[in-house]
Each structure stands twice: as C-alpha cells, then as structure tokens.
Amino acid sequence: MLSSPVRHYVGGVFDASGDPIPLVDPVNGRSAGEVPSASEELVDRAVGAARDALRGPWATWSPADRAQVLHRIADGIERRFDAFVAAECADTGKPHELAADVDIPRAAANFRNFADLLAGRGEQSWHTPTPDGRGALNYTVRKPLGVVAVVSPWNLPLLLLTWKVAPALATGNTVVAKPSEMTPSTACLLAEVIAEAGLPAGVFNLVHGGGGGAAGQWLTEHPGVDAVAFTGASATGTTIMRAAAARLAPISFELGGKNAGVVFADADLEKAVAGTVRSAFTHSGQVCLCTERLYVERPIFEAFAGRLVEESRKLRGYGPMISAAHRDKVIGHLTRAATDGEVLAGGGVPRFGDERDGGFFVEPTVLTGLAEDHPAVREEIFGPVVHLAPFDTEEEVLGRANAGPYGLAATVWTGDLARAHRVAPALDVGIAWVNTWNLRDLRTPFGGVKASGIGREGGDHSLDFFSEPMNVCVKL
Ligand code: NAD
Ligand code: 6OD
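First residue of the sequence shown: 22, per my numbering; consecutive thereafter.
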C-alpha cells in the first residue's frame, strides 16, 4: 500500500496533478483510490526535464558510477520490500507469494543484473594499415540514445517496468516512464527509491495516465523522445510504431502471445502435468509466456488430460483478472468454446461466498475439441485457459504449433534428448523451454517473433538496444 497518493515524478519533483482515474480492487470490485492522469503539458515537461538532464551532471557519470546507483536502487527496493509487495498485490490482486517470490525480487535483480553486466562491457578497437605505413586506430564508443520512453502493462507492473528502466539508465539515458493506468503504485514507490538513491533530477521521470488520447500517446508521439521501449498488446505496438516511425525513433517491443506447448508420449507425465499447471495458470494466465494451447501425443492424450483436469480442479488461492472488462472478455471466449467444443474443467466464474464474489475471478479452465482456427485457439486470451489437442507426428505438431500470428514462447516436454534438440529450435518463437517453463537467466535474449515483438531484451541485448556505437578513427 502507498502511504501517500499516487503521484507523478517530473524533474525531481513529486506532483499529483491531473484528472483522477478511479482504481478498482480486482479482488472485490470495490473502489481502491485513484490515479492522476498527466496533462499533455506535464508529459511535455517530463520530456523537457529528461532532455535537460542529458546535459547535466548525469552525462559525466562513469559506467562504474551508474552501476553503483543501480545497486543503491536495488537496495532501496529490498529495504521497502513489504511496501512494494503490498502495493503490487493491491493493484493487481495477485497472490502475495507471487509478488513476494517473483515480481519484487525480480525488480531488484533487474537493477543488479544490468549493473553487474556494465562491469564486463568493453569497447572494440582496430589498428588499420595506411599507405604511409603509420596506420590508424579505430575505436568504438557506446553512447546513450538520449531520452527513452518506457511504456509498460498491468500484469507484472514493476518487473516489466524495471526490466527496461534499469538497462536504459545503465547505458546513460534519461527516462520518462508510463506504467499502466490500472497498476501505478509500485512505479510510484520506485520513483521514491530512485529519488533517495541520488540520481540527478530529471534522469528518471514518471507520468501516469491512459494510453490512446492520454499520457501514453503524448509520450510516444513526443518529438523529444529518442527511443521507445514498450511492453503490451500487439495492436498497441502497431500504434506506437507508427508514432515512432514519424521521427524514425528506434523501438523495442515485447508484445502478445498464443504460446504452444508440446507433450510427447515419452515425457515424464507427472512433470509435464505439474509444469503445465504452472505454465497455464500462473497469475491466472496473465503472463505473456503462459501456455494457452497444448498439443499432447495421442497415446497419452487421455491420461494427460485426466491428470491435468484433476490438478487444475485442486487449485486454490488464485488471483482475479485485472478488471471486469478483461474478465468479461475471457468469459466470452469460454462461452463460445463451450458451444463449439468441450469444457473439461472450470469454464466459468467461481463462487467463494465472500468478498471475492464481487471481484473478477475466472476458474482455471481446460478446453478441448476446438478447431485450430477457433478464436479460443488462435487469439490471445490472457486468462487461466488452456486448450488441449491430440497430435500424431512431430512434423504435424510443429506445423500446428508454428501456425498463427504470434511467436513468443513455447514448451516441449520429452524424455528424448535428440528430439528435444530437434524440436525446440524448429519452433517459431523467441524462447523455447524444454521440460521446464519460465526458467530465467537475465543474460539470455528475451523476446518474440512475428506479432510477439521486435528486438530482444536481456543482458547485452538490452544494453545494445539502449546505446549506439560510434566509431572514432585516429590517424597515427
Ligand atoms: P496495452 O497495450 O493495452 O497497454 C500497455 C501500456 O500501453 C499501458 O501503459 C497503456 O496505457 C499503454 N497504451 C495503450 N494504448 C496506447 C497508445 N495508443 N499509445 C501509447 N501507449 C498506449 O496492454 P495491457 O492490456 O496493459 O497488457 C496486456 C498485453 O501485454 C497482452 O497482450 C500481453 O501479452 C502483453 N504483454 C507482453 C509481454 C511480453 O514480454 N511479450 C509482457 C507482458 C504483457
Ligand atoms: O522475465 C522477463 O524478463 C519478462 N520480460 C517476462 C515477461 C512476462 C510477460 O508477462
């Protein structure tokens, strides 16, 4: 929970101006305060503050100085750990252990990871022969892009915001961040931590508000913004890309998915079931990496489906959808799926007999029997829903898994090592997990193909995106 109202942070000053947008507690549907909507003038001021800060003392900070401040920010998050966890749970309704075990530790780890990586980054040089025999020395320096806009979604609010803010600061940029209007609180706490960590005023700025026709649009269209790092829906990516194209600003996009899983008959059935419970139902399916369609080799289809249904019915303590509108969208998919196919488990709104009946919950749901072009099999649902289908051959399942507009992540469950190495790289995705799901090493490339994203984040990929190499050639 926040001890003060949700505030913007511009040029080193906190500010709660702007028309209020109501916040709703997704657990019970009750009012949960409000978030101020930044005016266009405030967004302009935030970009101006970020531009000014590029010419201030920040420009003289060495990579080691920047690494130190990133560690101080991580320390600050850890010091106020409980407040961050409470704020993330209040905004999203997610279970306490999810925020405490994943979101908030990962936010601190994001800062430490990029601080540590800075220490290992070198510059390249070449000795170049010249006709006079004396040669030339070429060397590259990496420069920040300038003012970076970071626009982030509601599902993993602090994790995804810091995943971009940390490398942007590590490479010497200044930042204007805009979190989702539904989940502003941890970003606000982060601004407090950043202020305490001693970053010069204007290096990190935070504005709140909506997307189209509001802060998100004004920020991404702003001529003073040099690059846009965005995580969110693919359709929003198209809009932002158009805005960035007008001034040829670089973009980094992490977008939607319709992730497939493949379970071969030689897999360890119990591990595949347990892994699928995690991959389909973590955060009630509101993680971009969640498995929404699962192909199971025919000889084990019935056994696998039976066990998955059993385990999904045992799930307790799961969180709600982020909003009534999102719950209604998910339920709309389930209603249509029930007519066109079969609901093996869940399929509706649970009844708890307590305040949660006013919230936005959906039962963990297992579907089967839908055609590959059915909306519930083709479109991103972003809820606790997985569709099971049998398959017969490796070639066939690769064709089905690789169909459709998205290509973010996939899982493969098999006991055959050669098959694992054959199938995983043949999947049309940015990230494939074999016999696990969402096991992360922050140095590895993260991102999607097709409508799931543009560019890669993680490790050097992020540091490369947020900086530009420049070559200096010195005649000797
Ligand atoms: P969204 O695209 O609606 O919103 C994301 C952010 O963009 C919010 O801050 C929003 O205010 C802003 N925004 C919306 N319209 C805008 C516009 N016209 N101009 C500028 N900014 C705008 O997405 P969401 O509903 O918050 O998040 C869910 C989506 O995000 C899902 O599709 C999910 O798959 C995707 N996602 C992807 C990843 C990934 O790593 N690939 C991670 C998390 C979420
Ligand atoms: O783990 C990550 O780095 C990451 N970007 C996760 C994204 C999850 C999407 O909801």
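A virtual CB, placed ideally from N, CA and C, is assigned to each residue, including glycine.
Going along the chain, which residues of its own chain have a beta-carbon closer than 8 Å to the beta-carbon of W147, five neighbours each way excluded?
Along the sequence shown, one-based indexing puts residue 147 at 126. Here the set comprises L158, N159, Y160.
Report the rounded CA-to-CA distance for V172 versus A222, giving the unit in angstroms.
Residue mapping note: residue 172 aligns to position 151 of the sequence shown, counting from 1. Residue mapping note: residue 222 aligns to position 201 of the sequence shown, counting from 1. For V172 and A222, the distance between alpha carbons rounds to 20 Å.
Measuring straight from C-alpha to C-alpha, what distance separates P506 and V284?
Residue 506 cannot be examined here, being either before or after the span of the chain that is shown, 22 to 497.
Please name the residue, chosen from N49, V27, D46, R51, that lies closest to D40 on a Cα-to-Cα basis.
Along the sequence shown, one-based indexing puts residue 40 at 19. When only C-alpha atoms are compared, the closest one is V27.
On the premise that L240 lies in contact with V197, defined as a C-beta separation below 8 Å, what is that separation, rounded to the nearest angstrom?
Here residue 197 refers to the residue found at position 176 when the sequence shown is read from its first residue. Here residue 240 refers to the residue found at position 219 when the sequence shown is read from its first residue. 6 Å between Cβ atoms; contact.
Round the Cβ separation of T207 and A108 to the nearest angstrom and send it over; I've been treating them as touching at under 8 Å.
The sequence position of residue 207 within the sequence shown is 186, counting from 1. The sequence position of residue 108 within the sequence shown is 87, counting from 1. That belief holds up - the Cβ atoms of T207 and A108 are roughly 5 Å apart, short of 8 Å.
Within the present structure, is the beta-carbon of F486 separated from the nearest heavy atom of ligand 2 by less than 7 Å?
By one-based count along the sequence shown, residue 486 stands at place 465. Answer for F486: no, Cβ out of range of ligand 2.
Below 8 Å between beta carbons: does that hold for R142 and L484?
By one-based count along the sequence shown, residue 142 stands at place 121. By one-based count along the sequence shown, residue 484 stands at place 463. Yes, Cβ-Cβ distance for R142 and L484 is below 8 Å.
For A281, which three-state DSSP category applies?
For the purposes of this step, residue 281 is taken as residue 260 along the sequence shown, with counting starting at 1. If DSSP states are grouped into helix, strand and coil, A281 belongs with the strands.
Could you check whether the segment 335-354 touches the segment 309-326, counting it as contact only if at least three pairs of C-beta atoms, one from each stretch, sit closer than 8 Å?
no
Please find out if some non-hydrogen atom of ligand 1 comes closer than 7 Å to the beta-carbon of G223.
Stepping through the sequence shown from its first residue, residue 223 is reached at position 202. False, no ligand heavy atom lies under 7 Å from that Cβ.
Threshold first: 3 residues or longer. Then list the beta strand (DSSP E) segments lying entirely within the segment 186-224, N to C.
195-199
Going by DSSP in three states, S146 sits in which element: helix, strand or coil?
Translated into the one-based positions of the sequence shown, residue 146 becomes position 125. Three-state DSSP puts S146 in a strand.
Extract the residue ranges of the beta strand (DSSP E) inside the segment 390-451, only unbroken runs of 3 or more that lie entirely within it.
406-412, 430-434
May I ask you to list the residues that DSSP assigns as paired with S52?
To locate residue 52, count along the sequence shown from 1; it is residue 31. Answer is V45, bridged to S52.
So does F176 have its beta carbon nearer than 7 Å to some heavy atom of ligand 2?
By 1-based counting over the sequence shown, the position of residue 176 is 155. This sequence places Asn at residue 176; Phe is not what is there. Indeed, a heavy atom of ligand 2 lies less than 7 Å from the Cβ.
Between N49, A53, A111, N194, which has its C-alpha nearest G77's C-alpha?
Residue 77 sits at position 56 when you count from the first residue of the sequence shown. G77 has its Cα closest to that of N194, out of N49, A53, A111, N194.
Could you compute how far the alpha carbon of H408 sits from the alpha carbon of S344?
In the sequence shown, the residue the question calls residue 408 occupies position 387. In the sequence shown, the residue the question calls residue 344 occupies position 323. If you take the alpha carbons of H408 and S344, they lie about 23 Å apart.
Is it right to say D46 is buried, meaning 16 or more other beta carbons lie within 10 angstroms of its own, or is it exposed?
Locating residue 46 in the sequence shown gives position 25, counting from the first residue. By the neighbour-count rule (16 or more Cβ atoms within 10 Å), D46 is buried.
The segment 118-129 contacting the segment 53-65, beta-carbon criterion three pairs below 8 Å:
no
In or out: A472 buried (at least 16 other Cβ within 10 Å) or exposed?
Within the sequence shown, residue 472 is the residue found at index 451, counting from 1. Burial call: buried.
Could you name the residues of the same chain whose beta carbon sits closer than 7 Å to that of A187, not counting the 5 residues immediately before and after it, in chain order?
Stepping through the sequence shown from its first residue, residue 187 is reached at position 166. Hits under 7 Å: L91, N131, F132, F135.
Return the chain-ordered list of same chain residues with a C-beta closer than 7 Å to the C-beta of C311, the five sequence neighbours on each side being excluded.
Numbered from its first residue, the sequence shown carries residue 311 at position 290. Closer than 7 Å at Cβ, skipping near neighbours: N280, S300, A301, T303.
Are the CB atoms of T435 and G282 within a distance shorter than 8 Å?
Position 261 of the sequence shown, counted from the first residue, corresponds to residue 282. Position 414 of the sequence shown, counted from the first residue, corresponds to residue 435. Not closer than 8 Å, so no.
N159 - DSSP class collapsed to helix/strand/coil:
Taking the first residue of the sequence shown as position 1, residue 159 is located at position 138. Of the three classes helix, strand and coil, the one that applies to N159 here is strand, per DSSP.
Note down, in chain order, each residue of its chain lying with its Cβ closer than 7 Å to the Cβ of A265, except the 5 sequence neighbours on either side.
As a first step, residue 265 must be located in the sequence shown, where it is residue number 244. Answer for A265: T241, V249, I272, listed in chain order.
With a cut-off of 8 Å, do at least 3 Cβ pairs link the segment 412-426 to the segment 89-106?
no
Straight-line CA distance for E20 to D153?
In this structure the chain extends from 22 to 497, so residue 20 is not present and cannot be described.
Just to check my reading of the structure: G114 and G340 have Cβ atoms closer than 8 Å, yes? What is that Cβ distance to the nearest angstrom?
For this step, residue 114 is matched to residue 93 along the sequence shown. For this step, residue 340 is matched to residue 319 along the sequence shown. With a Cβ gap of about 5 Å, G114 and G340 count as contacting.
Relative to the C-alpha of F403, which residue among A267, G231, L355, G362 is closest?
As a position in the sequence shown, residue 403 is number 382, starting the count at 1. Closest by alpha carbon: L355.
Can we count V308 as close to ligand 2, meaning its CB is less than 7 Å from some heavy atom?
On the sequence shown, residue 308 is found 287 positions in, with the first residue counted as 1. Yes; taking the cut-off as 7 Å, the Cβ of V308 has a heavy atom of ligand 2 nearer than that.
Kindly indicate which three-state DSSP category P385 falls into: helix, strand or coil?
Position 364 of the sequence shown holds residue 385. Of the three classes helix, strand and coil, the one that applies to P385 here is coil, per DSSP.
What did DSSP end up calling M491 once you bin it into helix, strand or coil?
The count along the sequence shown starts at 1 and reaches residue 491 at position 470. M491: strand per DSSP, three-state reduction.
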